[in-house]
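Worksheet: one structure, shown below.
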Amino acid sequence: MATDQQEHLKIEELQEASPDQLEVMAGRERENLEGWIPELATEAEVKDVLEKAFDYRGDVTLTLKSGEVVEGYVYDRRQGKTLLDSMVRVMPSKGEDRSRRSIPYAEIAAVNFSGRDTAAGKTFDAWVKKYWEKKAAGEKNIQIEPEKLD
Numbered sequence: 005m006a007t008d009q010q011e012h013l014k015i016e017e018l019q020e021a022s023p024d025q026l027e028v029m030a031g032r033e034r035e036n037l038e039g040w041i042p043e044l045a046t047e048a049e050v051k052d053v054l055e056k057a058f059d060y061r062g063d064v065t066l067t068l069k070s071g072e073v074v075e076g077y078v079y080d081r082r083q084g085k086t087l088l089d090s091m092v093r094v095m096p097s098k099g100e101d102r103s104r105r106s107i108p109y110a111e112i113a114a115v116n117f118s119g120r121d122t123a124a125g126k127t128f129d130a131w132v133k134k135y136w137e138k139k140a141a142g143e144k145n146i147q148i149e150p151e152k153l154d
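Taking our numbering, the leading residue of the sequence shown gets 5, the next gets one more, and so forth.
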């Protein structure tokens, strides 16, 4: 159990931190991918971008070489030895057919990180900062509610 002095020191420490400092995990640089349309010139770039699409917490828009456009959430990927052996699995968010799709890397012409990153700014440190602010204000039975998703 923290003493009042420890709580006060923690509140001061968190108040001096910017949201960017709270959002970055130690040892990993935060990338803002929202709105990014990378070039896919080499096989390595295609694999790297689709790995980032898998880690992204928003929708991406995939333009296929056939001209078809698929917008949705990348929930799985499988990397093989070649682009034909590799595939990305998507849950489409738009269109009439919303069944899950498996798309070979070789069929993807462009990737657009089009959706809002729904988890940006929602780190544990940000949650703790809100908790300590409410506690310092004298609130009891503190509950931090998650934001509503669009």
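Built from N, CA and C at the ideal position, the CB exists for glycine as well.
Straight-line CA distance for residue i to residue j?
| i | j | result |
| --- | --- | --- |
| Glu41 | Glu17 | Reading off the sequence, residue 41 comes out as Ile, not Glu. About 37 Å. |
| Val74 | Tyr135 | 40 Å |
| Thr65 | Phe117 | 6 Å |
| Asp101 | Glu143 | 48 Å |
| Glu20 | Lys139 | 17 Å |
| Val50 | Glu137 | 44 Å |
| Val115 | Thr67 | 6 Å |
| His12 | Ala141 | 11 Å |
| Gln147 | Trp131 | 10 Å |
| Leu87 | Pro96 | 21 Å |
| Lys85 | Asp52 | 14 Å |
With 16 as the cutoff for other CB atoms within 10 Å, does residue i come out buried or exposed?
| i | result |
| --- | --- |
| Arg104 | exposed |
| Asp89 | exposed |
| Lys69 | exposed |
| Lys133 | buried |
| Tyr77 | buried |
| Asp63 | buried |
So the candidates are the options; which of them puts its Cα closest to the Cα of residue i?
| i | options | result |
| --- | --- | --- |
| Val92 | Leu37, Glu137, Phe58, Asp121 | Phe58 |
| Pro108 | Lys98, Lys138, Ser97, Arg81 | Arg81 |
| Glu72 | Glu43, Tyr79, Glu111, Gly119 | Glu111 |
| Tyr60 | Val94, Leu44, Thr86, Ala48 | Val94 |
| Gly39 | Ser97, Gly119, Lys14 | Gly119 |
| Tyr79 | Asn36, Leu54, Gln9, Lys14 | Leu54 |
Tell me the residue span of the alpha helix (DSSP H) that contains residue i.
| i | result |
| --- | --- |
| Ala57 | 47-59 |
First and last residue of the beta strand (DSSP E) that includes residue i?
| i | result |
| --- | --- |
| Leu37 | No beta strand (DSSP E) holds Leu37; DSSP gives it neither H nor E. |
| Ala114 | 112-116 |
| Lys109 | Note on residue identity: the sequence assigns Tyr, not Lys, to residue 109. From DSSP, Tyr109 is part of no beta strand (DSSP E); its letter is neither H nor E. |
| Leu68 | 64-68 |
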